[in-house]
Each structure stands twice: as structure tokens, then as C-alpha cells.
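Mapping of the sequence shown onto our numbering: position 144 corresponds to residue 149, and the numbering continues sequentially without gaps. Glycine is no exception: its CB is placed at the ideal position from the N, C-alpha and C atoms. See below for the structure under consideration.
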Amino acid sequence: MTNIVLDVLDQRLVQAGFRFVRYADDFVVLCPDKASAEQALAFVSRIIQDDLGLSLSSEKTYVTTFRQGFSFLGFHFSFSGVTVSQKSLKKFKDNVRKLTTRSHNLSQRAIQRLNRSIIGFSHYFASPFSHVKRQFCYLDCWIRKRLRCMKFKRISRNDNGRLFNRHLANLGLVSLYNLT
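Structure follows, in C-alpha cells:
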């Protein structure tokens, strides 16, 4: 959608008295009850389809309560707080899996590449309004487990001891939990 199209949508929503949040071409319309939410959905779909000649995404468009929650821009908003959405967690974990393949050795360069991904994820999701500490603690444990699978090549039968957290920290591994 172009900015002109989005500006037209913004003006019409404001004129109709709806409250909404928009970032680029994603938006959420907030309503006090289900009846007004259904009315808002009909209003928005009419504007998008009839006036602007576009269509709403069927998998992203739905009416929900705040108690059930909804995902927007990678965050999951619900009555219990704002957390990282499951889709964003899966994407991050897939990226970490790609960076920590078991066939590679654990090296300083591998840690540096992983740190870039961790820091970027943290900077986006560790906002003042989010409640991600528990998720970050879980992800830290999971990342360390992935790194232990990349352990240095075996030198002897006795070298298979556990890599302690402090050893991974000495190698330069950044902790998501400590970045929040």
C-alpha cells in the first residue's frame, strides 16, 4: 500500500470515530465491544475493497478480545502482558539453528555471528512495555544447549566435560536476559 492510500484509510477511520494503531501497512482497530468491532471490520473492509481496490489478508484479519490476545509487529498483546509472538520466536530459533550447526566447531567467529543475532533480537523485543524476561531466560538456556552441541572436536576420551556458562561467557557469548 502506498502512503496516499494509507492516509486515506487513516482519515476515514478518524472521521468514523475509530481508534487504531498503524505501522506501515499493518494496523489494529481497537473497539470497546464485539458489536462495534464487527462494525469496524465491515467499515474497514468496505473502504479497502470498494474505495481503494485492495483486499484484506484473510489470515491476518480477525476479531478478538484483549483477553484472548493478538499479535502485532512480532509482539503478542494479551491481558497477561506483552511478549514475543510465537512466530517471531520460531524465526529467531531457526536463525540460531542455522548459526549453530553441529557439524561446525565452536569458535570465536561463531560466537560473534550468534551475538549479532542475539543483540538485534534483544534490541527489538526488550522494550520498556514488554514482559520478555522469562522468554529471554528460556532462550538463553536453549542457546547455550545449542552451543554445547558444537563443542570443540574431541581430543581425547576425557575432553567431553560440560562447557560451563562462565566458559561460554568468557568466549564472548551475550546473554539475552542481561541485555534487558
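Here Phe32 carries a strand assignment [DSSP, helix/strand/coil].
Per DSSP, the unbroken alpha helix (DSSP H) holding Ser127 starts and ends at Gln113 to Phe130. For Ser83, the enclosing beta strand (DSSP E) covers residues Phe80 to Ser83. Going by beta carbons, Arg139 and Asn170 fall outside the 8 Å limit. Counted as a single uninterrupted DSSP element, the beta strand (DSSP E) harbouring Ser76 occupies residues Phe75 to Phe77. Minimum Cα-Cα distance from Thr88 among the listed residues Ser63, Phe130, Gln73 and Gln113 corresponds to Phe130. When C-alpha distances from Leu18 are compared across Ser60, Leu46 and Pro37, the shortest belongs to Leu46. CA-to-CA, the gap between Gln113 and Arg167 works out to about 18 Å.
Taking 8 Å as the cut-off, the beta carbon of Ser122 is found no closer than this to the beta carbon of Val137. For Val89, the enclosing beta strand (DSSP E) begins and ends at Gly86 to Val89. Comparing alpha carbon positions, the residue from Leu14, Leu35, Lys103 and Ala115 closest to Leu173 is Ala115.
For the pair Lys65 and Asn175, the Cα-to-Cα distance works out to about 43 Å. Secondary structure at Phe23: coil, using DSSP grouped into helix, strand and coil.
With a threshold of 16 other beta carbon atoms within 10 Å, Phe71 falls short and is exposed. In the structure shown, the three-state DSSP call for Tyr67 is coil. Around the beta carbon of Ser135, a 10 Å sphere encloses 16 or more other beta carbons of the protein chains shown; the residue is thus reported as buried. When DSSP states are grouped into helix, strand and coil, Asn110 belongs to the coil group.
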